[in-house]
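Chemist: Numbering (our numbering), first residue to last: 8 to 94. Take a look at this one; I'll ask things after.
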């Protein structure tokens, strides 16, 4: 069950997690997971932190579809909304 966070709060947390784990350089804010040198270890860290901090189960495979931050954030918010509706 997710911690009933607003969409804006989830978006902020996802951005913080993504930025922290992938250490985004200036000018690369719109880069995709692989453009930011994302690897399986990075994916595990992102997924684990999202589960711990937001309470949403994200499939690690979603990161290997090479999303940018905006797309990935939208997916996490959609999952959180779906989980809240089902709880």
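Just so you know, even glycine gets a beta-carbon here, dropped at the ideal spot from N, CA and C. Just so it is clear, the structure is predicted and the values come from calculations on it, not from any experiment.
Are the CB atoms of residue 72 and residue 64 within a distance shorter than 7 Å?
Modeler: No, the Cβ-Cβ distance between residue 64 and residue 72 is not below 7 Å.
Chemist: My understanding is that residue 52 touches residue 28, with C-beta atoms under 8 Å, so please give their C-beta distance in whole angstroms.
Modeler: Yes, they are in contact, since the Cβ atoms of residue 52 and residue 28 sit about 5 Å apart, within 8 Å.
Chemist: Can you give the beta carbon distance from residue 77 to residue 24, rounded, assuming they're within the 8 Å contact cut?
Modeler: Between residue 24 and residue 77 the Cβ distance is about 14 Å, and since that is not below 8 Å, they are no contact.
Chemist: So, at 8 Å on beta carbons, what are the nonlocal neighbours of residue 82 in its own chain, with the 5 sequence-adjacent residues on each side left out?
Modeler: So the qualifying residues of the chain are 65, 69 and 74.
Chemist: Inspect the beta-carbon positions of residue 87 and residue 67 and report whether they are closer than 7 Å.
Modeler: No, Cβ-Cβ distance for residue 87 and residue 67 is not below 7 Å.
Chemist: Under three-state DSSP, which class holds residue 27?
Modeler: The answer is helix: DSSP assigns residue 27 an H, G or I state.
Chemist: Please state the DSSP three-state secondary structure of residue 73.
Modeler: The answer is coil: DSSP assigns residue 73 none of H, G, I, E or B.
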